[in-house]
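Notes for the one structure printed next.
Below you can see the structure in the form of C-alpha cells.
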C-alpha cells in the first residue's frame, strides 16, 4: 500500500460508520489495495473509529 492509499484507507476507517466490513474491503480493493491488506486493515476498524485524537492509529 502506498502512502496515498494508506492515508485514504485511514480516513475511511476513521469516518465510515455505516458500511459493512465486506463493503469496505471491496471499496479498498477497487481503490487498488491488495485484498489481504484490505482485510487486515478492516480488521482494525474499531481501533480507528474509537481513536484517541492525540494519538491516532496508523496502518503499517
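In our numbering, the protein residues as written are 3 to 62. The beta-carbon is built from N, C-alpha and C at its ideal position, and this holds for glycine as well. Keep in mind the model is a prediction, meaning the values are calculated, not measured.
Spatial neighbours of residue i in its chain, beta-carbon cut-off 7 Å, leaving aside the 5 residues before and after
| i | result |
| --- | --- |
| residue 39 | 3 |
| residue 35 | 3, 7 and 11 |
| residue 49 | 59 |
Among the options, the one whose alpha carbon lies nearest that of residue i
| i | options | result |
| --- | --- | --- |
| residue 24 | 42, 13, 59 and 17 | 42 |
| residue 32 | 11, 45 and 55 | 11 |
| residue 20 | 45, 51 and 6 | 51 |
Cβ-based neighbour list, residue i, same chain, cut-off 8 Å, excluding 5 preceding and 5 following
| i | result |
| --- | --- |
| residue 47 | 15, 23 and 26 |
| residue 8 | 60 and 61 |
| residue 18 | 26 |
Own chain residues within Cβ distance below 6 Å of residue i, not counting five before or after
| i | result |
| --- | --- |
| residue 53 | 59 |
Backbone CA spacing between residue i and residue j [nearest angstrom]
| i | j | result |
| --- | --- | --- |
| residue 30 | residue 37 | 8 Å |
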